[in-house]
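Worksheet: the structure to be examined is printed underneath.
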Amino acid sequence: MLKVDKLSREFKSGDTVVKAVNDVSFSVGEGKFVSIIGRSGSGKSTLLTLLGALDKPNSGSIEVDGIDIAKISGKELNEYRAKKIGFIFQGYNLIPNLNAIENVMLAMEFGKYPTRSRKDRAKALLMQVGLNDTEMLRRPGKLSGGQQQRVAIARSLANNPKLILADEPTGNLDSQTGKVIFDLLHSLAKSEKTTIIAVTHDLEIAGKADEVYKLDDGKLKKGLK
Amino acid sequence: MNTYTRGIRNAFRNLIRTFSIVFILGLSVGLSIAMLVAHQTVSKKIASIKANVGNNVIISPAGVNGFQGGGNPLTNTQANQVSKLAHVSSAVETISDRFNNTNSNLVSAIDAGSLGRRFNSNPNSNFSGNLNFTPPVNALGTNSANAISSLATRNGETVSLTSGALFNGNSTDDVAIIGSSLASKNNLKVGSTFTAYNTSIKVVGIYTASTSFANNQVLMPLATLQNLSTQQGQLTEIILTVDSISNVDSVTNVVKNVLGSAADVTNSAQQAQNSITPLQNIQSISVISLIAATVSGGVIIFLTMVMIVRERRREIGVLKAIGASNAKVMEQFVTEATTLTFMGALVGMVVGFLSSNSITTLLANNSSSSSSMANRGFGGGGGRFLGGIRNNLSNLHAVVGWNVLLYGLLIALVIAVIGSALASMFIARIKPAEVMRVE
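Line by line, the protein sequences are chains H and D.
Going letter by letter, the first sequence gives residues 1 to 225 in the numbering used here.
Going letter by letter, the second sequence gives residues 226 to 664 in the numbering used here.
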């Protein structure tokens, strides 16, 4: 499903060149849950931005569902982001003046999901991640951190993506809620047959993934699990 | 919910800010509308002056100012000379006379008052003048086929025939058209008669004019009045109509050469220009203010949108990360800017509607006070014409029509486009990856 080959991304800071992602290669099968651990500045978020087609690599290729995303641009790139990828952010990043249902429907709008079915699917997804009817109608400001992250997860699933990229999905949550959210992601990977790549600091949570990689100074070390 | 709905809803995310922006934009659009109205009003007035003035060259006896000053009358011979000059399409000849209680039974409709007594005092009388003085009735003989329009051209005022008919200006009939005040004062109607120089004159028409002086006048065929007043062959004014406004100055110069020191020659184009200049100043001020107000509105909405875009960098990044194109995000922000601008336009229309007349009057008053010295005329020849158009500035009345309101909406649209298009450039430059790094 996902095949990364000799992927590199450099940043220039004055005369210094920082290799945030350095010759990384790995592949992940459909429905797998993969954790990437590493200390701050190890290149985890940069790797996610490359996988999510939010940035272009200096070299290497990223093949998702048969498409080399390093070579696409414009409309094709937007469609890839909308339909093939689901994003979960550490800070949730929900739109503050839209309620939970509208936040999920927003992703469907960009994924050109059929208009008539959007609301029903948004409600079904929110129910699936554990929000009740009242909570669905609340704006992010009226929801707890855990509930907001559940809405973010529902949003990431909105267009049946092949790949969900989660950047520190439990980073802003207490440990108990973090475990619940991680378990939720794990079960969704199985039920929705969606590949999930989650970046985390938490080794205990990371240990629950099918595969665990460690990123150290841009180099990926395989097979910690 | 689509992009447009989100854009409209986003316009109300911060109500205090929305109110402030709408209020300021309202003032900007309101001022634009007021300036547009002022410009339109003044433009119409200028067109009206130009239409009324025509391409006229006015010839008066040298040294005469109405019935003041001195000098000798013009003659029919001189009129024949100048009427045959190149580019002169017609010539209206007039003779002035005064009917008083020694030569007519007409009674003036104008009270002498202290001004009339003073103007008619002799050097030996005191300041209060001749207390027995009764104002005469001014009589004007004209060879014009339309004596009414002749009076309008001469005095630069609005004159219309209210009853009866015009006379033949080239006839020697003992007929007259009289002003409505004079008719009322002397109980005269169409078909009535009055006496002048022991001759019975039949009233064939009654007109109404925009000034009390003109409403107290008598119009008669040129030859009739010349004969009655024993001024055969004499004229007090010749008005030439020139074929094109571009030839008015050259004809004026030729007439001056032909008549030499015997006549004072002026043209209506110069006089009209004197009157139009302050109006043109208002036009310029209104155009500059219109542009400034519109650009200010654009700058306000631009700065607002730049602030909003900077505030929502993360949100824009998220929208792009979940598949929104630059165009979609811009569409949303343009809708937001347009919503704010149109709310401002609605407020602006109310502001413009309420303030247009006052602002136009204020501009006119300021311009009038600064130009009043330049426009002073005191009767006679060209000066008399100025007397008629002196009130142009104070007569301005602004009207806000539907077309102006549509222009207001157009101005708002321009403001929205200027403001949001520039802000959209900032949106396009926001990369979703940068937002991720902030996270």
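Glycine residues also receive a C-beta, built at the ideal position from the N, C-alpha and C atoms.
Please determine whether the Cβ atom of residue i lies at a distance below 7 Å from any heavy atom of the ligand HEM.
{"i": "SER396 (chain D)", "result": "The model on display carries no ligand, and the ligand HEM is accordingly not part of it."}
Under a Cβ-count criterion, where at least 16 other Cβ atoms within 10 Å of its own Cβ denotes burial, should residue i be classed as buried or exposed?
{"i": "GLN457 (chain D)", "result": "exposed"}
{"i": "GLY613 (chain D)", "result": "With a pLDDT of only 44 at GLY613 (chain D), under 50, the local geometry of the prediction cannot be trusted, and the value read off the model is given with reservation. Flag for GLY613 (chain D) reads buried."}
{"i": "MET665 (chain D)", "result": "The question about residue 665 (chain D) has no answer here: the residues shown for chain D are numbered 226 through 664."}
{"i": "ASP217 (chain H)", "result": "exposed"}
{"i": "ILE516 (chain D)", "result": "exposed"}
{"i": "ASN159 (chain H)", "result": "buried"}
{"i": "ALA124 (chain H)", "result": "exposed"}
{"i": "LYS6 (chain H)", "result": "exposed"}
{"i": "THR228 (chain D)", "result": "buried"}
{"i": "SER13 (chain H)", "result": "exposed"}
{"i": "ARG231 (chain D)", "result": "buried"}
{"i": "PHE610 (chain D)", "result": "Low confidence applies here, because PHE610 (chain D) scores a pLDDT of 41, under 50, leaving its location unreliable and the question unanswered by this model."}
{"i": "ASN326 (chain D)", "result": "exposed"}
{"i": "SER511 (chain D)", "result": "buried"}
{"i": "ASP174 (chain H)", "result": "exposed"}
{"i": "PHE392 (chain D)", "result": "buried"}
{"i": "ASP167 (chain H)", "result": "buried"}
{"i": "VAL247 (chain D)", "result": "buried"}
{"i": "ILE258 (chain D)", "result": "buried"}
{"i": "ARG601 (chain D)", "result": "Since pLDDT at ARG601 (chain D) reaches only 35, below the 50 mark, its modelled position is unreliable, and the value read off the structure follows with that caveat. By the neighbour-count rule (16 or more Cβ atoms within 10 Å), ARG601 (chain D) is not buried but exposed."}
{"i": "GLN451 (chain D)", "result": "buried"}
{"i": "GLY626 (chain D)", "result": "exposed"}
{"i": "ILE241 (chain D)", "result": "exposed"}
{"i": "VAL289 (chain D)", "result": "buried"}
{"i": "ASP15 (chain H)", "result": "exposed"}
{"i": "ASP55 (chain H)", "result": "buried"}
Whose Cβ in chain D lies nearer than 7 Å to the Cβ of residue i?
{"i": "GLY111 (chain H)", "result": "GLY548"}
{"i": "ALA82 (chain H)", "result": "ILE547 and GLY548"}
{"i": "ASN22 (chain H)", "result": "None at all; the shortest Cβ gap to chain D is about 18 Å."}
Could you work out which residues of chain H lie near residue i, taking near to mean beta carbons separated by less than 7 Å?
{"i": "PRO657 (chain D)", "result": "LEU54"}
{"i": "ARG238 (chain D)", "result": "ASN97"}
Just to make sure I have the definition right: I need the residues of chain H whose C-beta is within less than 9 Å of the C-beta of residue i. Which are they?
{"i": "VAL543 (chain D)", "result": "PHE87, PHE89, ASN93, LEU94 and ILE95"}
{"i": "ARG539 (chain D)", "result": "GLY91 and ASN93"}
Which residues in chain D have a C-beta closer than 8 Å to the C-beta of residue i? List them in chain order.
{"i": "GLU102 (chain H)", "result": "MET226"}
{"i": "ASN172 (chain H)", "result": "Those within 8 Å of ASN172 (chain H) in chain D number zero; the least Cβ separation is about 10 Å."}
In chain H, what lies closer than 8 Å to residue i by C-beta?
{"i": "ASN235 (chain D)", "result": "ASN97"}
Taking the alpha-carbon of residue i as reference, which of the options has the nearest alpha-carbon?
{"i": "ALA287 (chain D)", "options": "D:ASN281, D:GLY232, D:VAL490 and D:VAL429", "result": "D:VAL490"}
{"i": "THR449 (chain D)", "options": "D:SER321, D:ALA637 and D:ALA653", "result": "D:SER321"}
{"i": "SER253 (chain D)", "options": "D:SER649, D:GLY644, D:ALA637 and D:ALA653", "result": "D:ALA637"}
{"i": "ALA656 (chain D)", "options": "D:GLU540, D:ILE373, D:THR586 and D:ASN371", "result": "Residue 656 (chain D) is actually Lys in this sequence, not Ala. Comparing Cα-Cα distances from LYS656 (chain D) to each of D:GLU540, D:ILE373, D:THR586 and D:ASN371, the minimum goes to D:GLU540."}
{"i": "GLY41 (chain H)", "options": "H:LEU51, H:LYS19, H:SER61 and H:SER35", "result": "H:LYS19"}
{"i": "GLU79 (chain H)", "options": "H:PHE110, H:ILE153 and H:ASP68", "result": "H:PHE110"}
{"i": "GLU192 (chain H)", "options": "H:GLY31, H:SER25 and H:ASP23", "result": "H:GLY31"}
{"i": "LEU544 (chain D)", "options": "H:PHE11, H:ILE69 and H:VAL104", "result": "H:VAL104"}
{"i": "VAL639 (chain D)", "options": "D:THR519, D:ASN368 and D:ARG535", "result": "D:THR519"}
{"i": "GLU204 (chain H)", "options": "H:LYS3, H:SER35, H:VAL17 and H:THR16", "result": "H:SER35"}
{"i": "SER645 (chain D)", "options": "D:VAL576, D:GLN505, D:VAL480 and D:LEU565", "result": "D:LEU565"}
{"i": "SER315 (chain D)", "options": "D:MET260, D:ASN371 and D:MET574", "result": "D:ASN371"}
{"i": "LYS84 (chain H)", "options": "D:THR367, D:ALA546 and D:ALA562", "result": "D:ALA546"}
Show which residues of chain D have a CB atom less than 9 Å away from the CB atom of residue i.
{"i": "ALA107 (chain H)", "result": "ILE547 and GLY548"}
{"i": "ASN160 (chain H)", "result": "None at all; the shortest Cβ gap to chain D is about 13 Å."}
How would you write the range of the beta strand (DSSP E) that residue i sits in, first residue to last?
{"i": "MET445 (chain D)", "result": "443-446"}
{"i": "LEU131 (chain H)", "result": "Unbroken run through LEU131 (chain H): none, as it is neither H nor E."}
{"i": "ILE62 (chain H)", "result": "59-64"}
{"i": "PHE419 (chain D)", "result": "418-421"}
{"i": "SER156 (chain H)", "result": "Per DSSP, SER156 (chain H) belongs to no beta strand (DSSP E); it is in the alpha helix (DSSP H), 145-157."}
{"i": "ALA316 (chain D)", "result": "313-324"}
{"i": "SER435 (chain D)", "result": "First-last for SER435 (chain D): undefined, no H or E at that position."}
{"i": "LEU631 (chain D)", "result": "From DSSP, LEU631 (chain D) is part of no beta strand (DSSP E) but of the alpha helix (DSSP H) over 627-654."}
{"i": "ILE470 (chain D)", "result": "From DSSP, ILE470 (chain D) is part of no beta strand (DSSP E); its letter is neither H nor E."}
{"i": "LEU137 (chain H)", "result": "First-last for LEU137 (chain H): undefined, no H or E at that position."}
{"i": "THR387 (chain D)", "result": "384-389"}
{"i": "LEU220 (chain H)", "result": "219-221"}
For a contact defined as C-beta to C-beta under 8 Å, what are the partners of residue i on chain B?
{"i": "ASN58 (chain H)", "result": "Protein chains in the displayed structure are H and D, and chain B is not among them."}
For the alpha helix (DSSP H) containing residue i, name the first residue and the last one.
{"i": "ALA370 (chain D)", "result": "Element bounds for ALA370 (chain D): n/a, residue is neither H nor E."}
{"i": "ILE541 (chain D)", "result": "538-546"}
{"i": "ALA408 (chain D)", "result": "405-410"}
Suppose only complete runs of 4+ residues qualify. What are the alpha helix (DSSP H) ranges in the stretch 6-48 of chain H, listed by chain order?
none
Note down, one range per segment and in chain order, each beta strand (DSSP E) of at least 3 residues found wholly within the stretch 161-213 of chain H.
163-167 and 195-200
At which residue ranges does the stretch 472-522 of chain D contain complete alpha helix (DSSP H) runs of 4 or more residues, listed in the order of the chain?
473-484
Tell me the start and end of each unbroken alpha helix (DSSP H) in the stretch 229-282 of chain D that is at least 4 residues and wholly inside, in chain order.
240-278
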